[in-house]
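Residues in the sequence shown are numbered consecutively from 84, following our numbering.
Glycine residues also receive a C-beta, built at the ideal position from the N, C-alpha and C atoms.
Everything below concerns the one structure shown next.
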Amino acid sequence: MNADVIVIGGGLAGLVASDEIARAGKRVLIVEQENEANLGGQAHWPFGGMFLVDSPMQRSLGVRDSFDLAWQDWQGSAAWDRLDGEHPEDEWAQQWGRAYVEFAATATPCPGSTSPGAPAPASPSRSSRRLAPQPSQVWCASPSGTRSTA
Numbered sequence: 084m085n086a087d088v089i090v091i092g093g094g095l096a097g098l099v100a101s102d103e104i105a106r107a108g109k110r111v112l113i114v115e116q117e118n119e120a121n122l123g124g125q126a127h128w129p130f131g132g133m134f135l136v137d138s139p140m141q142r143s144l145g146v147r148d149s150f151d152l153a154w155q156d157w158q159g160s161a162a163w164d165r166l167d168g169e170h171p172e173d174e175w176a177q178q179w180g181r182a183y184v185e186f187a188a189t190a191t192p193c194p195g196s197t198s199p200g201a202p203a204p205a206s207p208s209r210s211s212r213r214l215a216p217q218p219s220q221v222w223c224a225s226p227s228g229t230r231s232t233a
């Protein structure tokens, strides 16, 4: 194949770069390690919003959550299958995932957030001069292990 530009990685940045290059009239080749069903990298999953565990908003909505539920959800989604052997390939990914969930379990809403329980801004800032409140999107764990947004 002849290409003017080769883009390594079909994640969100690679796709945007490829689109811009193609719009400029160039031929683009995207080289991606995943199959076409996973094109888009992490943007393939609905990963927008915030990932919090047992947040004030979840509690105010009656959503029961905990570190254990969130970690169970994360492990089910990640489906690590390379944890055995002398050099387990998924070991670092699992450690990163656990650290991420631990962080989410201790995070608090940012000052100026519209989430219940969020502290007020310390001083006037862009966030306090919005024309309208911006709703927060929070990941909520359900007892069945699935997540929805609130």
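- Just so you know, the alpha carbons of residue 141 and residue 150 end up roughly 13 angstroms apart.
- Of 123, 108, 85 and 105, the smallest CA-CA separation from residue 94 is found for 123.
- In the three-state scheme derived from DSSP, where H, G and I count as helix and E and B as strand, residue 112 is classed as strand.
- In the three-state DSSP reduction, residue 94 falls in the strand class (E or B).
- By the beta-carbon neighbour count (other beta carbons within 10 angstroms, threshold 16), residue 145 is exposed.
- If you draw a straight line from the Cα of residue 143 to the Cα of residue 184, it is about 21 angstroms long.
- Ranked by Cα distance from residue 125, the options 112, 135, 166 and 96 are led by 96.
- In the DSSP assignment, residue 139 falls within the alpha helix (DSSP H) that extends over 139 to 143.
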